[in-house]
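Residues 18 to 383, numbered by the working numbering, are exactly what the sequence shown covers, in order. Backbone N, C-alpha and C define an ideal beta-carbon position, used for all residues, glycine too. Bear in mind the structure is a predicted one, so any value in this text is a computation, not a measurement.
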Amino acid sequence: MKVLGLCSYPIESAATRYRLTQFTSPLAAQGIDLTVSPFLDSRQFSLLYRNKSLTGKIVELWKPLMRRFAEVLKGRKFDLILIQREAMFFGPAFFEGLFRLVGKYPLILDLDDATYIRYVSPTYGKIGSFFKFFGKTDALIKKSAVVTCGNRFIADYVEKKGTKAVVIPTVVDTDRFRPAEERIESAPVIGWIGTHSTFPFLKSIFPVLEKLAEKHDFVLKIVGAGVDKVELNGVKVQNLPWKLDRELSDFQSFDIGLYPMTTISSANEEWLAGKSGFKAIQYMAVGIPFVMTPVGVCAEIGRPGETHFNALTDEDWYNALVKLLSAESLRQRMGEQSRACSLEHYTVGAQAEILARTLHCVGGKI
Numbered sequence: 018m019k020v021l022g023l024c025s026y027p028i029e030s031a032a033t034r035y036r037l038t039q040f041t042s043p044l045a046a047q048g049i050d051l052t053v054s055p056f057l058d059s060r061q062f063s064l065l066y067r068n069k070s071l072t073g074k075i076v077e078l079w080k081p082l083m084r085r086f087a088e089v090l091k092g093r094k095f096d097l098i099l100i101q102r103e104a105m106f107f108g109p110a111f112f113e114g115l116f117r118l119v120g121k122y123p124l125i126l127d128l129d130d131a132t133y134i135r136y137v138s139p140t141y142g143k144i145g146s147f148f149k150f151f152g153k154t155d156a157l158i159k160k161s162a163v164v165t166c167g168n169r170f171i172a173d174y175v176e177k178k179g180t181k182a183v184v185i186p187t188v189v190d191t192d193r194f195r196p197a198e199e200r201i202e203s204a205p206v207i208g209w210i211g212t213h214s215t216f217p218f219l220k221s222i223f224p225v226l227e228k229l230a231e232k233h234d235f236v237l238k239i240v241g242a243g244v245d246k247v248e249l250n251g252v253k254v255q256n257l258p259w260k261l262d263r264e265l266s267d268f269q270s271f272d273i274g275l276y277p278m279t280t281i282s283s284a285n286e287e288w289l290a291g292k293s294g295f296k297a298i299q300y301m302a303v304g305i306p307f308v309m310t311p312v313g314v315c316a317e318i319g320r321p322g323e324t325h326f327n328a329l330t331d332e333d334w335y336n337a338l339v340k341l342l343s344a345e346s347l348r349q350r351m352g353e354q355s356r357a358c359s360l361e362h363y364t365v366g367a368q369a370e371i372l373a374r375t376l377h378c379v380g381g382k383i
């Protein structure tokens, strides 16, 4: 079976890496040839959030647009189409419809986030929201034979629209994502990895971290915030840009992971409930304890008090971090429990089996 996997962004995007490309080998072992085709290439993706004029960015889009049109002409060689969120990150479902028209094959939609919820872009504001065509996700759900969903909250939404849903959490390769063999830092490292759009979540607990630094020695390592400088009173901060070739080692360098979430202008409660808890799954894979806001599926990941601590208030955050900073043996024990939970529930092999069955079923092979 030949499957065309369409997505907006290249491998630098976590959704592309972990919802599509990491499944190519395990799916091939089950007779499924998955071809992943991002709308933007790596260079174009890097330009998207740089300080470049909007006109310049629009001009850059002509190349991927022409490439998509060329792909449509070759579409008949595939048996079905798998779309990770959307075939193009702006505009209506034009290419999705064009591929189906030319190829006449079934469509499977993959949603790792609640992309059907409207929001104001933190980078491009209302003009970005205008070009997003938020109704596109609902239209694609209705046209899909199946929607693979990052969690049960998204699946519930899909099924209310009358389309079959299959839950496939976002996972990492636990053969690669594993605990570090040795520690480098002398002081405990409290870490967070994210993007410019999720950095406000981390900022919401800055007062807690400043209070924590008054009595406890630690390093705060921030990766991917998208800002040049981060300063907190009394806190030793490492502020690094995100890089693909350093992603694993950054996770492994942490002693304690942070996963705060709170409502902001671009993330209401419904949007937060649609998050797949991926950061928690990454923390567990590398065997570190973490503190997390138990929102949506995050309230169902791991075992609170064993793999991690949940925190809703500033007091919760402070007390949980004090416990972890005060006892290395507790961090080690909870880290081991995190790793065991990852191997039990969140492996690529197990999720690839579910995806393969879904693709075969839709493709009429079983």
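(request) For residue 198, count neighbouring C-beta atoms within 10 Å of its own C-beta (all shown protein chains included) and say buried if the count is 16 or more, exposed if not. (result) Position 181 of the sequence shown, counted from the start, is the residue given in the question as residue 198. By the 10 Å Cβ count, residue 198 comes out exposed.
(request) Check residue 172 in the structure and name its three-state DSSP category. (result) For the purposes of this step, residue 172 is taken as residue 155 along the sequence shown, with counting starting at 1. Residue 172 falls in the helix class under three-state DSSP.
(request) Kindly confirm or deny that the region 150-167 and the region 218-227 touch, where touching means at least three C-beta pairs closer than 8 Å. (result) no
(request) Would you kindly work out how many angstroms separate the C-alpha atoms of residue 315 and residue 31, rounded to a whole number? (result) Stepping through the sequence shown from its first residue, residue 315 is reached at position 298. Stepping through the sequence shown from its first residue, residue 31 is reached at position 14. Using only the alpha carbons, I get a separation of about 18 Å.
(message) One question on the structure: do residue 304 and residue 355 come within less than 7 Å of each other, judged by their Cβ atoms?
(response) Translated into positions along the sequence shown, residue 304 becomes position 287. Translated into positions along the sequence shown, residue 355 becomes position 338. It is a contact, given that the beta carbons lie within the stated cut-off.
(request) Compare the C-alpha of residue 53 against each of 246, 272, 193, 25 and name the closest. (result) Mapped onto the sequence shown, residue 53 falls at position 36. For the residues 246, 272, 193, 25, the minimum Cα distance to residue 53 belongs to 25.
(message) Using a Cβ-Cβ cutoff of less than 8 Å, which residues in the same chain neighbour residue 94 once the five nearest sequence positions on both sides are dropped?
(response) For the purposes of this step, residue 94 is identified with residue 77 of the sequence shown, where counting begins at 1. 19.
(request) Please report how far the alpha carbon of residue 81 lies from the alpha carbon of residue 377, in whole angstroms. (result) Within the sequence shown, numbered from 1, the residue matching residue 81 stands at position 64. Within the sequence shown, numbered from 1, the residue matching residue 377 stands at position 360. Answer to the nearest angstrom: the Cα atoms are 30 Å apart.
(message) Using only the alpha-carbon positions, how far apart do residue 100 and residue 181 sit?
(response) Start at 1 with the first residue of the sequence shown, and residue 100 comes out as number 83. Start at 1 with the first residue of the sequence shown, and residue 181 comes out as number 164. Taking the straight line from one Cα to the other gives about 15 Å.
(request) Could you tell me whether the region 241-260 touches the region 185-193, where touching means 3 or more Cβ pairs closer than 8 Å? (result) no
(message) Based on DSSP bridge pairs, tell me the residues matched to residue 165.
(response) For the purposes of this step, residue 165 is taken as residue 148 along the sequence shown, with counting starting at 1. For residue 165, which the question treats as bridged, DSSP gives the partners 127, 183.
(message) Let me check understanding here. Comparing Cα to Cα, which of 41, 324, 130, 226 lies closest to residue 332?
(response) Residue mapping note: residue 332 aligns to position 315 of the sequence shown, counting from 1. Of the listed residues, the one whose Cα sits closest to residue 332 is 226.
(message) Is the separation between the beta-carbon of residue 153 and that of residue 123 shorter than 7 Å?
(response) Locating residue 153 in the sequence shown gives position 136, counting from the first residue. Locating residue 123 in the sequence shown gives position 106, counting from the first residue. No, these two residues do not count as a Cβ contact at 7 Å.
(request) Taking residue 169 as the reference, give the member of 336, 318, 349, 279 with the closest Cα. (result) Position 152 of the sequence shown, counted from the first residue, corresponds to residue 169. Answer by Cα proximity: 318.
(request) Under 8 Å by Cβ, that's how I've got residue 326 and residue 337 pegged, so tell me the actual separation to the nearest angstrom. (result) Within the sequence shown, residue 326 is the residue found at index 309, counting from 1. Within the sequence shown, residue 337 is the residue found at index 320, counting from 1. Yes, residue 326 and residue 337 are in contact; Cβ-Cβ is about 4 Å, under 8 Å.
(message) Could you check whether residue 76 and residue 115 sit closer than 7 Å to each other, using their CB atoms as the reference points?
(response) To locate residue 115, count along the sequence shown from 1; it is residue 98. To locate residue 76, count along the sequence shown from 1; it is residue 59. No, Cβ-Cβ distance for residue 115 and residue 76 is not below 7 Å.
(message) Going residue by residue through the region 50-122, where are the continuous alpha helix (DSSP H) segments of at least 4 residues, counting only ones entirely within it?
(response) 59-65, 71-77, 79-90, 111-120
(message) Measuring only the C-alpha atoms, how far is residue 381 from residue 50?
(response) If you number the sequence shown from 1, residue 381 lands on position 364. If you number the sequence shown from 1, residue 50 lands on position 33. Going from the Cα of residue 381 to the Cα of residue 50 covers about 15 Å.
(message) When you compare the CB positions of residue 385 and residue 364, do they come within less than 7 Å of one another, or not?
(response) Summary: the structure shown does not reach residue 385, with the chain confined to residues 18 through 383, and so no result is reported for it.
(request) For residue 360, collect the residues of the same chain with a Cβ closer than 8 Å to its Cβ; drop the 5 residues on either side in sequence, then sort them by chain order. (result) Against the sequence shown, residue 360 aligns to sequence position 343. If we look at residue 360 and ignore the five residues flanking it on each side, its Cβ neighbours are 191.
(request) Sort 273, 290, 129 by Cα distance to residue 353 and report the nearest one. (result) On the sequence shown, position 336 is the one that residue 353 refers to. Of the listed residues, the one whose Cα sits closest to residue 353 is 273.
(request) Over the uninterrupted alpha helix (DSSP H) stretch that includes residue 159, give me the two end residues. (result) Here residue 159 corresponds to residue number 142 of the sequence shown, with the count starting at 1. First-last of the alpha helix (DSSP H) with residue 159: 152-160.
(message) Given this structure, state the Cα-to-Cα distance separating residue 372 from residue 183, to the nearest angstrom.
(response) Along the sequence shown, one-based indexing puts residue 372 at 355. Along the sequence shown, one-based indexing puts residue 183 at 166. Going from the Cα of residue 372 to the Cα of residue 183 covers about 9 Å.
(message) Can you check whether the C-beta of residue 168 is within less than 7 Å of a C-beta belonging to chain C?
(response) You won't find chain C in this structure, because it holds only one protein chain.
(message) Once DSSP output is grouped into helix, strand and coil, what is the label at residue 274?
(response) Taking the sequence shown and counting its residues from 1, the one referred to as residue 274 is at position 257. Correct three-state label for residue 274: strand.
(message) Taking its Cβ as the centre, do 16 or more other Cβ atoms sit within 10 Å of residue 103, making it buried, or is it exposed?
(response) As a first step, residue 103 must be located in the sequence shown, where it is residue number 86. Looking at its Cβ environment, which holds 16 or more other Cβ atoms inside 10 Å, residue 103 is buried.
(request) Determine the closest residue to residue 267 out of 357, 207, 22, 126, with distance taken between C-alpha atoms. (result) Here residue 267 is taken as the residue at index 250 of the sequence shown, counted from 1. When only C-alpha atoms are compared, the closest one is 207.
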